[in-house]
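Line order of the protein sequences matches chains U and Z.
All residue numbers in the first sequence are consecutive under our numbering, ending with 335.
All residue numbers in the second sequence are consecutive under our numbering, ending with 612.
Ideal placement from N, C-alpha and C gives every residue a C-beta, glycine not left out.
It should be emphasised that the depicted structure is a prediction, and the values quoted were computed from it without experimental measurement.
Presented below is the structure to which this report refers.
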Amino acid sequence: MKRFTLSMPVRYIINTVLIITLLLVGNQIMGSGILGRAQTAIIIQVGFFIILAVSLNMVTGYLGQLPLGHAGFMAVGAYAGALFWRAAVLPGMASVVGGLIVAGVAAAITGVIIGIPALRLRGDYLAIITLGFGEIIRVVLNNLDTITYGARGLRNIPRYSSFMLVYICVIVACGAIHMIMKSRHGRAILSIRENEIAAESCGINTTYYKVLTFAVSAFFAGVAGALFAGNIGILVPANFDFMTSINILMIVVLGGLGSMMGSVIAASVLTSLPLVLQPLNEYRMIIFSLMLIVVMIFKPSGLMGNYDFSMSRIIEKVVNRLRTGKTAGKLKSGK
Amino acid sequence: MAKHDPRKPFVPQRDHDKSPVMECVGLGIDFGGLTAVDDFNITITPTEICGLIGPNGAGKTTVFNLLTKVYKPTRGKIYLDGKDTCGLNTMQANKAGLARTFQNIRLFKELTVLENVLVGLHNEMYYNVWGALFRVPAYWRTEKIAKERAREMLSIFDMEDMAEHKAGSLPYGSQRRLEIVRALATNPTVLLLDEPAAGMNPNETEELMENIKKINKTFKIAILLIEHDMNLVMNICEGIAVLNYGKIIAKGTPAEIQRSPQVIEAYLGTGGGGGDA
Ligand SMILES: Nc1ncnc2c1ncn2[C@@H]1O[C@H](COP(=O)(O)OP(=O)(O)O)[C@@H](O)[C@H]1O
Ligand SMILES: [Mg+2]
């Protein structure tokens, strides 16, 4: 018997319906007042950490490079978006969307500028140089006093980051990265991770794809930064220190390098953990580290390995299971 | 080279005059004090199968690395279709018509067999990043045609039913074959095979031999191959070059090479008796 498979348009319709339903249900719950202030705050935070994690996963998991300056791109996006929103050059919704785009583009340009020299290096050298760039960005923001108000903080940022806006951005980020990865461009990126010389020998422009990956990753980190700014309403460069980059990397590694689903789950768990562990506040960091150590010992490829969730695959599996069950039954009764 | 129209079946349209498709003139490279390859001259006509043999460490793989621009030559020139290739990098050399396999297999292990071939077809597809993002019609059309063509190419080696397996999980012989398919997918004019029969049993080698001939005929491309299996080399190569200590010590037809005293000496050492090489 031929295996049951869903056709492409059906897959897309199922996924779209599923996502919109989840989004609306989430919005209802957030608006209903069931959740306390702390919970709502965490859920919003989970949103931008998901974006940060899936975007970093693109470079770390898919391209196979290890940058340590993700917070730097987030910072560029946060300040670009916040300044744009404060200036209020566009009316209403246009300003909100415009700010996000400006944030993403500013971060992506920074990504390209940093990526071109940094991506000539590999492994620990790349890690160190991106770490350096990340810190440079923070120091520059600290000293651009006339624009960013440095350590005193950039205040009065419009609080645009509603549940709906944050999670629409989550969906756009995950969707866009998924679309790129499931294409010839995605395969080119993966081939670089797998074997760079072989990729070049297959006619893949490795430099282009490395920089492209860096730019897309930085773009979404920038968007997450703007959402962060629109959430807390005040920015200080210290928000974007080295530890923030490490935290995002920890999420990606814990979730499984190269698994978008893993990044999403790990971002949700690790970001909401402080809330759950509130009573154990002093031991929080210890529990974090223990978790990481345990996962690395028992599942070095991360929670999800490189498995990626697919609703249509699950439906196909269930249908196939049911159908083989049925034919098996028929065969028996026939005998 | 003109872009291959993916809507047409895979039959390269090239005018086959007898002008050489690849030519090396005085090619050489030094690694520090070591001269790995020196004064390497070779001319390959379209549709020719040519062998490159020699003892281990003779510099054969280094020649491939020079041709594909993994190494930059210290001296000499490489011409493809009469054009100097200096200044090209590995990716551009592939676009100019050179595809290769590796002695130490370099597959994309975590990708499936089909995806490996699709990476080879990368430059035969034409939608850009925005096209992928918004899933434009060209995306669907190109992906569909490319996947069909990838399966078609896998069928050369009867590998269609392995399409969804991870490349790294294949047996050794299949990995070598997959590398050939992946190289072929880039639509080359010259295919470079580095010890394609290494690790294969006599049956597999026999089959490989037939397949190399088949590829040479159907795709109408030149093939330059490095191989230690003398039976294979003598059977399918029209011309053979023998390399020793980085220098070509003999060139000619299989029969000439088998008789050449220098070759016998290189393989058997000085004082080795006559007879077959
Ligand atoms: N990157 C390199 N650096 C230094 N020496 C090299 C390099 N690549 C090859 N060689 C040397 O060049 C010589 C030829 O090697 P190779 O081309 O691999 O031989 P083979 O004919 O067995 O394929 C060897 O002595 C090898 O050590
Ligand atoms: Mg070799």
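Across the set Z:Ile-592, Z:Met-565, Z:Leu-560 and Z:Pro-472, the C-alpha of Z:Leu-560 shows the shortest separation from the C-alpha of Gln-438 of chain Z. Under the DSSP definition of a beta bridge, Phe-133 of chain U lacks any partner.
Within 7 Å of the C-beta of Asn-239 of chain U there is not a single heavy atom belonging to ligand 1. Taking the C-beta atoms as reference points, Ala-198 of chain U is found no nearer than 8 Å to Ala-107 of chain U. Leaving aside the five residues that flank Asn-391 of chain Z on each side, none in its chain has a CB nearer than 8 Å to its CB. The three-state reading of DSSP puts Thr-521 of chain Z in coil, since its state is none of H, G, I, E or B. Contact annotation for Glu-445 of chain Z against chain U: Leu-190, Arg-193, Glu-194, Gly-258 and Asn-306 [CB-CB distance below 9 Å, chain order]. The region 455-529 of chain Z contains, as complete alpha helix (DSSP H) runs of 4+ residues, the segments 464-468, 472-489 and 507-520 (chain order). Relative to ligand 1, even the nearest heavy atom lies 7 Å or more away from the CB of Ala-533 of chain Z.
For Gly-455 of chain Z, the neighbours in chain U by C-beta distance under 7 Å run, in chain order, Cys-202. With the criterion set as a beta carbon lying under 9 Å from some beta carbon of chain U, the members of the region 466-478 of chain Z are Gly-466, Ala-467, Leu-468, Phe-469, Arg-470, Tyr-474, Trp-475, Thr-477 and Glu-478, in sequence order. Using a Cβ-Cβ cut-off of 8 Å, Ala-108 of chain U does not count as an interface residue toward chain Z, since no Cβ of chain Z sits closer than that to its own.
The criterion of a C-beta distance shorter than 8 Å is not satisfied by Gly-503 of chain Z and Gly-534 of chain Z.
Residue range 8-32 is occupied by the alpha helix (DSSP H) that includes Val-17 of chain U. Listed by position along chain Z, the residues whose Cβ is nearer than 8 Å to that of Arg-187 of chain U are Leu-446, Glu-450, Leu-453, Val-454 and His-457. Taking 7 Å as the cut-off, the C-beta of Asp-564 of chain Z does not count as close to any heavy atom of ligand 2. Cβ atoms of Glu-562 of chain Z and Glu-530 of chain Z come within 8 Å of each other, at about 6 Å.
Cβ proximity to chain U below 7 Å picks out nothing from the region 379-401 of chain Z.
Taking C-beta separations shorter than 8 Å and ignoring five residues to either side along the sequence, the partners of Thr-40 of chain U in its chain run Met-30 and Phe-163, following chain order.
Under a criterion of Cβ atoms nearer than 7 Å, the residues of chain Z adjacent to Asn-205 of chain U are, in order, Met-426. A check of alpha carbon separations from Ile-189 of chain U across Z:Lys-404, Z:Glu-445, Z:Thr-403 and Z:Ile-440 identifies Z:Glu-445 as the nearest. Closer than 7 Å to some heavy atom of ligand 1: that describes the Cβ of Lys-395 of chain Z.
Look at Ile-413 of chain Z here: in three-state DSSP terms it is strand. Distances from the alpha-carbon of Met-261 of chain U to those of U:Leu-212, U:Gly-26 and U:Gly-61 put U:Gly-61 closest. Under the Cβ distance rule, Ala-198 of chain U counts among the residues neighbouring chain Z, one pair being separated by less than 8 Å. Contact check for Ile-547 of chain Z against Ile-491 of chain Z fails: the beta carbons are separated by 8 Å or more. In the DSSP assignment, Glu-358 of chain Z is bridged to Z:Thr-378 and Z:Tyr-414. DSSP places Ile-246 of chain U in the helix class (H, G or I) of the three-state scheme. A residue is called buried when at least 16 other Cβ atoms come within 10 angstroms of its Cβ; Cys-421 of chain Z does not meet this threshold and is exposed.
Contact annotation for Met-460 of chain Z against chain U: Arg-184 [CB-CB distance below 8 Å, chain order]. Taken through DSSP and simplified to helix, strand or coil, Lys-430 of chain Z comes out as helix. Here Thr-110 of chain U is near Phe-73 of chain U, since their CB atoms are less than 8 Å apart. Burial check for Phe-469 of chain Z: the Cβ neighbour count within 10 Å stays below 16, so the residue is exposed. Closer than 7 Å to some heavy atom of ligand 1: that describes the Cβ of Asn-391 of chain Z. CA-CA distance, Met-544 of chain Z to Met-460 of chain Z, rounds to 30 Å. Residue environment analysis places Thr-588 of chain Z among the exposed positions, since fewer than 16 neighbouring C-beta atoms fall within 10 angstroms of its C-beta.
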